[in-house]
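Chemist: Counted the way full-length UniProt numbering counts, the sequence shown spans residues 1 to 767. Using N, Cα and C, we set each Cβ at its ideal position, and we do this for glycine too.
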Amino acid sequence: MESYNHTNNKNGRNSQNKKILLSKQRQELPIYSARENIIQSIYKNDTTIVVGETGSGKTTQIPQYLLEAGFVKEFGTSIAVTQPRRVAATSIAKRVADEVGTRLGDKVGYGIRFDNCFSKYTKIKYLTDGMLLREVLTDPLLLKYKVVVLDEAHERTLRTDILFGMLKTIQKKREEMVKANAKKKKNSSKAHNSQENGNSNNFNSMPKKHIMFDQDNENQNDISLKNTKPKNHNPDSTDNDKKKDDTPFVSKLKIIIMSATLDAEKFLQYFNNAPVLYISGRQFPVKTFYTYEPQSDYLDSAHTTVIQLHLETNPNSGDILVFLSGQEDIENLEKLLKESNLHLPQYNKICTAPIYAALPQKLQNKVFESAPPHTRKIVLATNIAETSITIPGIKYVIDTGVHKSRGYDPRIGVESLLVEPISKSSARQRSGRAGRIDHGYCYRLYTEDDYEKLEENEVPEIKRRQLTSVILTLKAAGIDDILRFDYMDAPSKPAIKSALLELYALEALDESGNLSKLGSWMAEFPLDPVYSKVLYESVKHKCTSEALDLVAAHSVESIFFSPVDKRHLAAEAHKQFQSIDGDHWTVINLIKAFNEYKLNGTKVVIFDQDSADETPENIESEGIYEEVEYNKEDGNKLEAWCRKNFINFKNLNHVFKVRKQIENLCIKMGIDTTTSCGNDTEQVLICLLSGFFYKCAMLQPDGTYRSLTGSQTVHIHPSSTMFRKRASSIVYDQLVFTNKLYAKGVSSIQPAWISIASPRLYGNSNF
Ligand code: ADP
Ligand code: MG
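#1: For a test of the three-state rule: what should DSSP assign to Gln-83, helix, strand or coil?
#2: Could you compute how far the alpha carbon of Ser-426 sits from the alpha carbon of Gln-750?
#3: Any chance you could list the alpha helix (DSSP H) runs of at least 4 consecutive residues sitting entirely within the stretch 310-376, in chain order?
#4: Ordered along the chain, which non-local residues of its own chain (more than five positions away) have a Cβ less than 7 Å from that of Ile-350?
#5: DSSP three-state call for Ala-89: helix, strand or coil?
#6: Give the straight-line distance between the Cα atoms of Arg-436 and Gly-281, rounded to the nearest whole angstrom.
#7: Let me check understanding here. Comparing Cα to Cα, which of Lys-744, Leu-689, Thr-157 lies closest to Leu-762?
#8: Let's see if you can read the secondary structure: which residues bound the alpha helix (DSSP H) around Asp-634?
#9: Would you identify the three-state DSSP class for Tyr-734, choosing helix, strand or coil?
#10: In this structure, how does DSSP classify Leu-267 when only helix, strand and coil are distinguished?
#11: In three-state terms, what does DSSP make of Lys-287?
#12: Compare the beta carbon distance of Val-397 and Arg-430 with 8 Å and say whether it is the shorter of the two.
#13: Taking only three categories from DSSP, how would you classify Leu-506?
#14: Report, in whole angstroms, the separation of the C-beta atoms of Phe-118 and Gly-105, which I expect to be a contact under 8 Å.
#15: On the CB-based measure, 16 or more other CB atoms within 10 Å of its CB, does Asn-653 come out buried or exposed?
#16: Just to confirm the assignment, what range does the beta strand (DSSP E) spanning Asp-115 have?
#17: Looking at Ser-426 and the ligand MG, is the gap between the Cβ and the nearest heavy atom below 7 Å?
#18: Please state the DSSP three-state secondary structure of Lys-73.
#19: Looking at Pro-491 and Leu-467, is the spacing between their C-beta atoms short of 8 Å?
#20: Exposed or buried, which one is Pro-759 when buried takes at least 16 other CB atoms within 10 Å?
#21: Find the nearest neighbour of Tyr-292 within the set Thr-447, Glu-537, Asn-272, judged by alpha-carbon distance.
#22: For Val-322, which residues from the same chain have a beta carbon less than 6 Å from its beta carbon, with the 5 sequence-adjacent residues on both sides left out?
#23: Count the other CB atoms within 10 Å of the CB of Tyr-732; is the residue buried (16 or more) or exposed (fewer)?
#24: Helix, strand or coil: which one does DSSP assign to Ser-747?
#25: Does the ligand MG have a heavy atom nearer than 7 Å to the CB of Thr-160?
#26: Under 8 Å, do Leu-506 and Gly-691 count as touching if we go by C-beta distance?
#27: Relative to the alpha-carbon of His-403, which residue among Thr-60, Leu-150, Leu-418 has its alpha-carbon at the smallest distance?
#28: Would Asp-489 and Gly-165 qualify as a contact pair, given that the criterion is a beta-carbon distance under 8 Å?
#29: Three or more C-beta pairs under 8 Å: does that hold for the stretch 448-460 against the stretch 470-482?
#30: Does the stretch 87-103 come close enough to the stretch 52-66 to have 3 or more Cβ pairs within less than 8 Å?
#31: Any idea what DSSP makes of Arg-13, helix, strand or coil?
#32: Out of Phe-75, Thr-390, Thr-82, Gln-171, which has the shortest C-alpha to C-alpha gap to Gly-432?
#33: Would you check if the distance between the CB atom of Ala-182 and the CB atom of Tyr-126 is smaller than 8 Å?
#34: Buried or exposed: Gly-582, going by 16 or more other Cβ atoms within 10 Å of its Cβ?
#35: Alpha carbon to alpha carbon, how far is Leu-29 from Ile-384? Give it in angstroms, no decimals.
Here it is as structure tokens:
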């Protein structure tokens, strides 16, 4: 983690220079001239909508303006800024920490699932929308935040959509509390009359230009900070004093909705006519090209276009940004480009810089750094680079026209993650990235006809995703009437019904649809409810260690590595881990084998930065910075072991990191995480079924399977150890559509286990 070192003169000077440079860059941003207007508008209005060209400075600057203007002066108050993607939250937090001149985790921090980096002194916190939603469970009025910014609102992610409705309610409740407090105060002391004139609703008292203020309540003496030491520590304090200290700190909640493009009319109607501020950007014209013919292989076309562009244009004219669908595409194209680079002349090389959701934080910086001399940077990105983060220096954009999109069919209970065409609005954003420094060029790897056929905007996620997890969160947040929640766009009734039924079958809800004790327990975990159910049941089956392995392993696509050109060798290497019970035990066997090697083959240190010298004292200890790391020698040995066995070392480490986080949560919830069933495969599979009973299928005479819910014909995916085996019934992790419906992550089970694992679904004919 980068930090400023003030003890060394040279470093001190460097840090000073860096600060001056960053400050200059801040002032050059298009948003800078609108600074006062923005602050005024946010001060005056409970909700403000800000629309501005990508790169104009919304995400990095507005929170800093509010900080500088004194919106979060009191100890313990802060500004939350949500992002739909983890990478955006971490990389923007890092940038803003640099601009503010603070260490990441101090004044500026971030919070993403399984990785928190903030402290009680944090004033600006970038977090995923999912994390803020979870915070509502422990802090139902989000009292520590005086301002919540919902960024990238146009993306209409499921969790941002839910936050729209929740924040409206929270804002209203907090306003009522502020009013009630003010009234109480008025009654209790007439002497305070003069101070009340200074409360937030009296805008006339606002100075016209220079603004240094607190938005409300600053003068209300009866409000003290929650979770901070009361000012009066005198043990003889009176009851009255105690009452004072018990009054929760309440201020009005400011909501800011931000986006690059959005249907302003729809948003302002939903947010009670909130004002819309338009920030003009700095955008140069971009010339767009289409292919003459549809392209059958967009990766191959992207590869050709990059090399062609690189050779035919001046290498100093600007960098190239390629939009792809996901990590796999990016890794494949990266490989092709690296091979081509070998044949490029020494004075005209390329270097690749990938950016996608699962990219570890340490590797993210490459996209923001300049390429070495005589080398052009080729950024390979997912739609993260459309509007969430701005990569400097791009002049050429190559748009493959695809992204990965999640879908769900409630009738058959199948969730999908498919590579699909983007919307026109995304295509426009993508081409816009070429016009940031000067005139730009966008190469669309599809025909103009195909562009015309694209949808104008993407359907909001709430209308196409499985709702089980958010409905559990809503229930846990005390919102019982799911149908009448204040949605911007309501989800379909079948989708709600299917989620409620699944939660009932998981025993998270009771017969009346109310949250059960188990449901509240499950909601404590930042996991899909099926996984928290498995963890819960693992106590009974005494296999929490194996359950943790399985749940954590789901956080990555695969821990096995099967490169196309060495598939055969990889399959041979993987045989040693294979279990006759199927893929789940194969994963457990691998993890056990790795751990064994780690114990006997190397001396591995679990590196905990919390105890490292450079760690700021004020970082909360809750798993922050905690990562499994190895010293160089051990790391090399373990990596070599993985390479030899065709294991994805990076993904496996991620699994261990996630496992540690979930394990910590389990310990907090009183679970003994060390229980292990040894080689009793049955216990683990029955335990798995307690969450996965929706994902079972029975063998048909023709060798295919039929899913128990939805009655779909399902085939076992060739990547599964169960491929071509004829188990009478199976459980699977997921169904994917390609040319057929395939089950991935498959294990063999006994049909009788299914009803044991899910009495509500299969043991009750009324269900
Ligand atoms: P917006 O939210 O309006 O799209 P941002 O606040 O994200 O804009 O970015 C403002 C500017 O800050 C960008 O134009 C870019 O030049 C710069 N910037 C942001 N993040 C980084 C970074 N990590 N490294 C270098 N420059 C950055
Ligand atoms: Mg932004």
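Modeler: Taking the structure as given:
#1: In the structure shown, Gln-83 falls within a strand segment according to DSSP collapsed to helix, strand and coil.
#2: 47 Å
#3: For the stretch 310-376, whole alpha helix (DSSP H) runs of length 4 or above, ordered along the chain, are 327-342, 361-364.
#4: His-310, Leu-337, Asn-341, Leu-344, Thr-375, Arg-376, Ile-378
#5: Ala-89: helix per DSSP, three-state reduction.
#6: 9 Å
#7: It should be noted that the sequence gives Tyr, not Leu, for residue 762. Nearest to Tyr-762 by C-alpha distance, out of Lys-744, Leu-689, Thr-157, is Leu-689.
#8: 632-644
#9: Sequence check: residue 734 is Gln here, not Tyr. In this structure, Gln-734 counts as strand in the three-state DSSP scheme.
#10: It is worth fixing the name first, because residue 267 is Phe in this sequence and not Leu. Helix.
#11: strand
#12: yes
#13: Coil.
#14: About 6 Å; that satisfies the 8 Å criterion.
#15: Asn-653 is buried by the Cβ-count criterion.
#16: 115-117
#17: Shortest gap from the CB of Ser-426 to any heavy atom of the ligand MG: 7 Å or more.
#18: coil
#19: yes
#20: exposed
#21: The residue with the shortest Cα to Cα distance from Tyr-292 is Thr-447.
#22: Within the same chain, and ignoring the five residues on either side of Val-322 in sequence, the residues whose Cβ sits closer than 6 Å to its Cβ are Ala-302, Leu-380, Ile-398.
#23: buried
#24: strand
#25: no
#26: yes
#27: Each of Thr-60, Leu-150, Leu-418 was checked against the Cα of His-403, and the nearest Cα belongs to Leu-418.
#28: no
#29: no
#30: yes
#31: helix
#32: Thr-390
#33: no
#34: buried
#35: 21 Å
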